[in-house]
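Protein chains: 2
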Amino acid sequence: MDPVRVGICGLGTVGGGTFDVLTRNADEIARRAGRPIVIEQVGARRDNPDCDTTGVKVTRDIFEVARNPDIDVLVELIGGYDVARELVMTAIENGKHVVTANKALIAVHGNEIFHAAHKKGVIVAFEAAVAGGIPVIKSLREGLGGNRIQWLAGIINGTGNYILTHMRDEGRAFDDVLAEAQALGYAEADPTFDVEGIDAAHKLTILASIAYGVPLQFDRAYTEGIARITAEDVEQADNLGYTIKHLGITRRGDNGIELRVHPTLIPKERLLANVHGVKNAIAVMGDAVGPTLYYGAGAGAEPTASAVVADLLDVARNIATAHRYLVPYLAFSGINDEANALPILPMEEIVTAYYLRLLAVDRPGVLARVATILAEQSISIEAIIQKEATEGELVPIILLTHRTREQHMNDAIRQLESLADIAGPVTRIRVESLDEQ
Amino acid sequence: MDPVRVGICGLGTVGGGTFDVLTRNADEIARRAGRPIVIEQVGARRDNPDCDTTGVKVTRDIFEVARNPDIDVLVELIGGYDVARELVMTAIENGKHVVTANKALIAVHGNEIFHAAHKKGVIVAFEAAVAGGIPVIKSLREGLGGNRIQWLAGIINGTGNYILTHMRDEGRAFDDVLAEAQALGYAEADPTFDVEGIDAAHKLTILASIAYGVPLQFDRAYTEGIARITAEDVEQADNLGYTIKHLGITRRGDNGIELRVHPTLIPKERLLANVHGVKNAIAVMGDAVGPTLYYGAGAGAEPTASAVVADLLDVARNIATAHRYLVPYLAFSGINDEANALPILPMEEIVTAYYLRLLAVDRPGVLARVATILAEQSISIEAIIQKEATEGELVPIILLTHRTREQHMNDAIRQLESLADIAGPVTRIRVESLDEQ
Chain A
1 MDPVRVGICG
11 LGTVGGGTFD
21 VLTRNADEIA
31 RRAGRPIVIE
41 QVGARRDNPD
51 CDTTGVKVTR
61 DIFEVARNPD
71 IDVLVELIGG
81 YDVARELVMT
91 AIENGKHVVT
101 ANKALIAVHG
111 NEIFHAAHKK
121 GVIVAFEAAV
131 AGGIPVIKSL
141 REGLGGNRIQ
151 WLAGIINGTG
161 NYILTHMRDE
171 GRAFDDVLAE
181 AQALGYAEAD
191 PTFDVEGIDA
201 AHKLTILASI
211 AYGVPLQFDR
221 AYTEGIARIT
231 AEDVEQADNL
241 GYTIKHLGIT
251 RRGDNGIELR
261 VHPTLIPKER
271 LLANVHGVKN
281 AIAVMGDAVG
291 PTLYYGAGAG
301 AEPTASAVVA
311 DLLDVARNIA
321 TAHRYLVPYL
331 AFSGINDEAN
341 ALPILPMEEI
351 VTAYYLRLLA
361 VDRPGVLARV
371 ATILAEQSIS
381 IEAIIQKEAT
391 EGELVPIILL
401 THRTREQHMN
411 DAIRQLESLA
421 DIAGPVTRIR
431 VESLDEQ
Chain B
1 MDPVRVGICG
11 LGTVGGGTFD
21 VLTRNADEIA
31 RRAGRPIVIE
41 QVGARRDNPD
51 CDTTGVKVTR
61 DIFEVARNPD
71 IDVLVELIGG
81 YDVARELVMT
91 AIENGKHVVT
101 ANKALIAVHG
111 NEIFHAAHKK
121 GVIVAFEAAV
131 AGGIPVIKSL
141 REGLGGNRIQ
151 WLAGIINGTG
161 NYILTHMRDE
171 GRAFDDVLAE
181 AQALGYAEAD
191 PTFDVEGIDA
201 AHKLTILASI
211 AYGVPLQFDR
221 AYTEGIARIT
231 AEDVEQADNL
241 GYTIKHLGIT
251 RRGDNGIELR
261 VHPTLIPKER
271 LLANVHGVKN
281 AIAVMGDAVG
291 PTLYYGAGAG
301 AEPTASAVVA
311 DLLDVARNIA
321 TAHRYLVPYL
331 AFSGINDEAN
341 ALPILPMEEI
351 VTAYYLRLLA
361 VDRPGVLARV
371 ATILAEQSIS
381 IEAIIQKEAT
391 EGELVPIILL
401 THRTREQHMN
411 DAIRQLESLA
421 DIAGPVTRIR
431 VESLDEQ
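Take a look at the structure:
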């Protein structure tokens, strides 16, 4: 059969990795696809010294690739929002299939892109956009297709997990480990995207849409970072039998969908709690299959390339058929009809358990006043740790609560912070059992 | 679009679960498939009291389903070899697609079945045959399609893992836990298939073929059960930093493919070591993606149904296209050509590390004689534990060796067992680091 002709735009880390994997494994890939997958053109602002592009057309103008009539599939690996969007839309207008690793692009402009692709009858594939090499999009969209997905929770940012892993294993402070991660190249000079959870929220937005068949709604995602987690929180969580992980969590309830990224205490014995360093993992609960988990490298040149090539294989297998795209972009057909009316819930309406850390003046009655405030909000306490203090000193109180509505907890925290006995802000970290509820 | 019309043969645990999931989630399944998937007929020797088949044609003759012109897909859930084979071949001859959960059928008769299906242009899908609801076939065959798979190792028998988990957690003996598993319905009255590793070898055979693109060769798989693992082995492994799991392992080397099921010591910190009870998990190493892992329920009515329905979705999406089967049955086209000449290695040629437990007479020089025998076979020792004994008593010696060829270890064990100082047979359990080597 005729080869599938690929144009790669962007020849940085992931572009170079994709180039290498397609070249190195060309024979096996052709045997899998039933036809060769060849790199016809590369569009990149500069050469990649690690990539030998001998024999491949190279252009500095990526839009030339999007318009090249000899290209079947454009692989978008330039990243970012605006230029990437324009590039992908141009490729679609020119009837090309698109494979992208760009989570920001899909989370923010996906609805528009899929609409255009659907009209044009082309594939837009984005396995590499979530959790790097882990085939979680395929698993969720196809492998668990018989299930009503109930919830999923994932470690979907390697930088954040690297920092939390080293904070726990070595008892170190956030800033200290972040600086190390930056020195090692695991964190960017400006780490905002990773440590504030924006990158994870992009990925979670995509996963939730595929899980439930709802439109992409990145602007409705709740996002909280890990910068305020202290070494003491990590230690206290450990004492209580928990590990702190930065999770993306989405759950489908009767009234709507929870969509939230925040630090989370999870029981130590969960597999997710045992995912260390820069690795990613996603736990998915389906009504038929029960709990499942997918683990692997969430970033890096070749892991991301692995997902890009898997998408190219899907394109290669489908390209010859009359029906251009067999699996709906977001798993379900009719994403915008009334069947998808389930809204994203405001954060105040989610229900979860909480870990609280308060600094109290060591006076009689403090604990009673704290307990009273919680009781008035119908929040019941599961555990309390109060450290001994020398007289007159501030003493930390650690509380673990049962599940309650976030609104009640917000009200309680406001009142706790207004107590004369309580110094400074209350630390609040959500707790998820991730059992089969 | 027209519905896909399904005939379910076998209405036991998995058949009933499939019936329930297809009925309960019919709306979401139709939105995923782009068309309804309806149960047109059920073939079963007896009714399932948990299944309300009102409105569905039910026949006692499963072959009637295979010949029914109103059926698009036959779902084979009767299990076993001969009748299942005849049923599936009849369905294929009649131009029907087939979905099966039958690992024994695929492992033993798969080559013949796929050959017939290929000629007829029909799909034979078998996600449910390996690891129940975990979409590992799809992940390996499609999601990791860009990789050269290097090795995989899996807990692919829930009964065995249940027994080993309870032996470890409670320090109990094999027979004791097996009896409990039988009472709870986790083990069959005749547990041979599970505890001797035959069921795991069926699944491993399928995974290896898909990983490397080689024909199914169940008869070449090495199979060793867990019945001889003692509570002491479990405890000693723990002292050494390992957990004993019953693994299916396949690795591709330059000279051939390892294909083996046996008890294995793996480092405690591996995710696989933290997979407990009846759950399954498969670790897969690809050259691009690195290590990945897939976890979930490996058996049970609805988890298995989850995989059956995922296959039905694939069939439903492909049924309308000109190309009847887009993903090759065993992942690669041309399974039998010279590209697949890599043989399954005899067990004597595999290379691994070993745990040995010897019972020695407590005499001076025993350890020296043991060490000499190992040295003569070029086997180097990583760790020794020798317990103190009261004089004249037998004392256990625990050895951990570095990696060596199985043939050398066989020779060494033969010589060790012939020593006058050593009582009874030497216990040998293989050790795998499962790191990124």
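So the protein sequences, as listed, match chains A and B. Those letters in the first sequence? Residues 1 to 437, by full-length UniProt numbering. Those letters in the second sequence? Residues 1 to 437, by full-length UniProt numbering. Ideal Cβ placement from N, Cα and C applies to all residues, glycine included. Treat the numbers as computed from the prediction; the structure is a model and nothing was measured.
In terms of residue numbering, what span does the alpha helix (DSSP H) encompassing residue i cover?
i, result
"Asn318 (chain A)", "Ala301 to Asn318"
"Val108 (chain B)", "Lys103 to Lys120"
"His276 (chain A)", "Run containing His276 (chain A): none; DSSP gives neither H nor E here."
"Leu184 (chain A)", "Phe174 to Leu184"
"Glu406 (chain A)", "Glu406 to Ser418"
"Tyr162 (chain A)", "Gly158 to Glu170"
"Ile92 (chain A)", "Asp82 to Glu93"
"Arg369 (chain B)", "Val366 to Glu376"
Following the continuous beta strand (DSSP E) through residue i, name the residue where it begins and the one where it ends.
i, result
"Gly290 (chain B)", "Gly290 to Ala297"
"Ile266 (chain A)", "Ile257 to Pro267"
"His97 (chain B)", "His97 to Thr100"
"Ile8 (chain B)", "Val4 to Cys9"
"Ile155 (chain A)", "Ile149 to Ile155"
"Glu76 (chain A)", "Val73 to Glu76"
"Leu358 (chain B)", "Val351 to Val361"
What does residue i reach in chain B if we use C-beta pairs closer than 9 angstroms?
i, result
"Arg148 (chain A)", "Arg24, Asn25 and Glu28"
"Lys138 (chain A)", "Pro135, Lys138, Ser139, Glu142 and Gly143"
"Glu76 (chain A)", "Under the 9 angstroms cutoff, chain B gives no residues; its nearest Cβ is about 17 angstroms from Glu76 (chain A)."
What residue from the options has the CA that sits closest to residue i's CA?
i, options, result
"Asn410 (chain A)", "A:Ile429, A:Ile398 and A:Glu393", "A:Ile429"
"Ala237 (chain A)", "A:Tyr222, A:Arg67 and A:Lys268", "A:Lys268"
"Val345 (chain B)", "B:Pro328, B:Ala297, B:Ala375 and B:Leu259", "The amino acid at residue 345 (chain B) is misidentified as Val; the sequence shows Leu. Ranking the options by Cα distance to Leu345 (chain B), first place goes to B:Leu259."
"Gly171 (chain B)", "B:Val65, B:Glu235 and B:Glu432", "B:Glu235"
"Thr404 (chain A)", "A:Ala360, A:Gly424, A:Glu349 and A:Ala420", "A:Glu349"
"Ser380 (chain B)", "B:Tyr354, B:Glu417 and B:Gly248", "B:Tyr354"
"Ile29 (chain A)", "B:Gln415, B:Ala288 and B:Asp421", "B:Ala288"
"Leu400 (chain A)", "A:Ala383, A:Asn48 and A:Glu388", "A:Ala383"
"Lys57 (chain A)", "A:Gln386, A:Gly365 and A:Gln41", "A:Gln41"
"Ile163 (chain B)", "B:Arg228, B:Val130 and B:Arg141", "B:Arg228"
"Asp169 (chain B)", "B:Met285, B:Thr243 and B:Asp47", "B:Thr243"
"Leu240 (chain B)", "B:Val327, B:Leu265 and B:Leu247", "B:Leu265"
"residue 486 (chain A)", "A:Gly424, A:Ala91 and A:Ala297", "Outside the displayed span of chain A (1 to 437) sits residue 486 (chain A), for which this structure offers no information."
"Ala316 (chain A)", "B:Ser306, B:Val327 and B:Ala316", "B:Val327"
"Ile206 (chain A)", "A:Val73, A:Ile106 and A:Glu188", "A:Ile106"
"Val366 (chain A)", "A:Pro396, A:Glu376, A:Val214 and A:Val351", "A:Pro396"
"Asp47 (chain A)", "A:Val75, A:Ile71 and A:Gly15", "A:Gly15"
Anything in chain B within Cβ reach of residue i, meaning under 8 angstroms, just list it in chain order.
i, result
"Ala305 (chain A)", "Gly146 and Ala288"
"Leu313 (chain A)", "Glu142, Gly145 and Gly146"
"Phe332 (chain A)", "Glu28, Arg31 and Arg32"
At a CB-CB cut-off below 7 angstroms, which residues of chain A make contact with residue i?
i, result
"Ala299 (chain B)", "Chain A residues near Ala299 (chain B): none, gap ~11 angstroms exceeds 7 angstroms."
"Tyr294 (chain B)", "Tyr294"
"Val122 (chain B)", "The premise fails here: Val122 (chain B) is roughly 16 angstroms from chain A at the closest Cβ pair, so nothing lies under 7 angstroms."
"Val21 (chain B)", "Gly146 and Ala288"
"Lys245 (chain B)", "Under the 7 angstroms cutoff, chain A gives no residues; its nearest Cβ is about 14 angstroms from Lys245 (chain B)."
Along chain A, which residues have their Cβ under 8 angstroms away from the Cβ of residue i?
i, result
"Leu271 (chain B)", "Leu271, Asn274, Val275 and Tyr295"
"Lys203 (chain B)", "Residues of chain A passing the Cβ test: none, with the nearest at roughly 16 angstroms."
Under 7 angstroms Cβ-Cβ, which residues of chain B neighbour residue i?
i, result
"Val309 (chain A)", "Gly145 and Gly146"
"Gly213 (chain A)", "Arg31"
Against residue i, what residues of chain C qualify as contacts under a CB-to-CB distance less than 7 angstroms, listed in chain order?
i, result
"Ile134 (chain A)", "Given the protein chain composition of this structure (A and B), no chain C is represented."
Output the residue ranges of the alpha helix (DSSP H) runs that lie fully inside the stretch 191 to 241 of chain B and measure 4 residues or longer, sorted by chain position.
Counting only runs of 4+ residues, the alpha helix (DSSP H) found wholly inside the stretch 191 to 241 of chain B occupies 192 to 195, 198 to 212 and 231 to 239, in chain order.
How do the stretch 291 to 299 of chain A and the stretch 308 to 320 of chain B stand: do at least 3 beta-carbon pairs fall below 8 angstroms, yes or no?
Contact between the stretch 291 to 299 of chain A and the stretch 308 to 320 of chain B is absent: fewer than three C-beta pairs spanning the two stretches fall below 8 angstroms.
Within the stretch 18 to 67 of chain A, note down every full alpha helix (DSSP H) run reaching 4 residues or more, in order along the chain.
For secondary structure counted as the alpha helix (DSSP H) over 4 or more consecutive residues, the stretch 18 to 67 of chain A holds these complete runs in sequence order: 26 to 33 and 62 to 67.
Below 8 angstroms, how does it come out for the stretch 5 to 23 of chain A and the stretch 46 to 65 of chain A: are there three or more Cβ pairs, yes or no?
The stretch 5 to 23 of chain A is in contact with the stretch 46 to 65 of chain A.
Tell me whether the stretch 140 to 160 of chain B and the stretch 269 to 287 of chain B touch, counting them as touching only if at least three CB pairs, one residue from each stretch, are closer than 8 angstroms.
Counting Cβ pairs under 8 angstroms, three or more are found: they touch.
Between the stretch 275 to 285 of chain B and the stretch 83 to 101 of chain B, can you find at least three pairs of beta-carbon atoms closer than 8 angstroms?
With a cut-off of 8 angstroms, the stretch 275 to 285 of chain B and the stretch 83 to 101 of chain B do not count as touching, because too few Cβ pairs lie within range.
Between the stretch 178 to 197 of chain A and the stretch 213 to 226 of chain A, can you find at least three pairs of beta-carbon atoms closer than 8 angstroms?
Yes, they touch.
Taking one C-beta from the stretch 130 to 137 of chain A and one from the stretch 108 to 121 of chain A each time, how about it: are there three or more such pairs within less than 8 angstroms?
Verdict: no, contact absent.
For the stretch 299 to 307 of chain B and the stretch 137 to 150 of chain A, state whether three or more C-beta atom pairs, one from each stretch, are separated by less than 8 angstroms.
Counting Cβ pairs under 8 angstroms, three or more are found: they touch.
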